[in-house]
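In this note's numbering, the protein residues as written are 4 to 324. Ideal Cβ positions, reconstructed from N, Cα and C, are used throughout, including at glycine.
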């Protein structure tokens, strides 16, 4: 089945499911499983398996805030010592100068900065925390250090909008001068519903929309999920699930494909249970897997552009008003 790779391109490792934020667009505060941190032995074993099996990439963190793990910097250094491409995503509230220096010194390959606010008020509404100015200080230090280091790290700083909470124009006004100074692009990122666990953004199958003063009719077609085709996600407790959009097994044993304390990654990748899952994903039979069946990732949007002249009179009047 060519859709899935013979060897995973990457492994994502959630080193903790603990987070100090309660973001409105995130599932973390509603997780059911026990909170904790990955054991050092498991993380190092995963890195060793990646090296042995020529799995080239690893992402540190997904379910919680990775910089809350006291050994994050050690994990990064060890992964880089095995010549792996390494990525992480952080809300930057724990991005101390020491950690920032180590990330740049050890040449982390990609760093995704998750800050979507431009004022203390927006930040508190969005995250439930009051550390806006500390995060600004942390992000500013890292970005300036990064800019002066030769930019060997890919840095992404995306904006995720929540109507009535934050504003992209204000975001550009606040962060734009720094971004322009160091040559960093700021862009909006598409929201997802995290396998149906976040209902802030409804998964509408059909919609009328407007884009660049043009109107379109949009709908979502079920598609093969590219998100699961090339990696595995190992949780802090060792559970192995198909992707980072699924943050825990909870009561969904159908997407639990093993445990890192008991199973080798490549054994899971080629196991009968995972091969059956791959076959079902290829056939778009998501109904067997509850988290997958309700995930926005299994749809792709199609659009048909519509002229106002194509609309009935009353609908045309409503649209114009």
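Report all residues from its chain with a CB closer than 7 Å to the CB of residue 125; omit the five preceding and five following residues, and keep chain order.
-> Here the set comprises 168 and 169.
Does the stretch 94-106 come close enough to the stretch 38-55 that 3 or more CB-CB pairs lie under 8 Å?
-> Short answer: they don't touch.
Considering only the beta carbon of each residue, do residue 33 and residue 233 sit closer than 8 Å?
-> Going by C-beta atoms, residue 33 is not nearer than 8 Å to residue 233.
Would you verify that the beta carbon of residue 81 is, or is not, closer than 8 Å to some beta carbon of chain B?
-> Considering every chain present, this structure includes no chain B. It has just one protein chain.
Pairwise C-alpha distance: residue 163 and residue 240 = Cα-Cα distance, rounded: 29 Å.
Which residues DSSP lists as bridging residue 308, in chain order = BP columns for residue 308 point to 219.
Give a yes or no on whether the C-beta atoms belonging to residue 90 and residue 62 are separated by under 8 Å.
-> Yes, Cβ-Cβ distance for residue 90 and residue 62 is below 8 Å.
Residue ranges of each alpha helix (DSSP H) within the stretch 14-101, 4 or longer = Complete alpha helix (DSSP H) runs here, min 4: 43-55 and 75-84.
Closest by CA to residue 237, which one among 115, 263, 37 and 227?
-> Looking at the Cα atoms, 263 is the closest of the given residues.
Using the rule of at least 16 other Cβ atoms within 10 Å of the residue's Cβ for burial, across every protein chain shown, is residue 155 buried or exposed?
-> Counting Cβ neighbours within 10 Å, residue 155 comes out exposed, since fewer than 16 surround it.
Helix, strand or coil for residue 284 per DSSP?
-> If DSSP states are grouped into helix, strand and coil, residue 284 belongs with the helices.
Nearest to residue 293 by alpha carbon, out of 65, 197 and 285?
-> For residue 293, the closest alpha carbon among the candidates 65, 197 and 285 is that of 197.
Identify, in the order they occur along the chain, each residue of the same chain with its Cβ nearer than 7 Å to the Cβ of residue 317, setting aside the five sequence neighbours on each side.
-> Unreliable placement is indicated for residue 317, whose pLDDT of 46 sits below 50; the coordinate value is still reported in the next sentence. Excluding positions up to five away in sequence, the list is empty.
Give me the Cα-Cα distance between residue 38 and residue 26, rounded to the nearest whole angstrom.
-> Whole-angstrom Cα-Cα distance: 17 Å.
Per DSSP, cross-strand counterpart(s) of residue 190 = Under the DSSP definition of a beta bridge, residue 190 partners with 161.
May I have the straight-line CA-CA distance separating residue 322 from residue 166, to the nearest angstrom?
-> In this prediction, residue 322 has a pLDDT of 49, which is less than 50 and means its spatial position is unreliable; what the coordinates show is noted afterwards. Residue 322 and residue 166: Cα-Cα distance of roughly 21 Å.
Pick helix, strand or coil for residue 303, following the three-state DSSP scheme.
-> Secondary structure at residue 303: strand, using DSSP grouped into helix, strand and coil.
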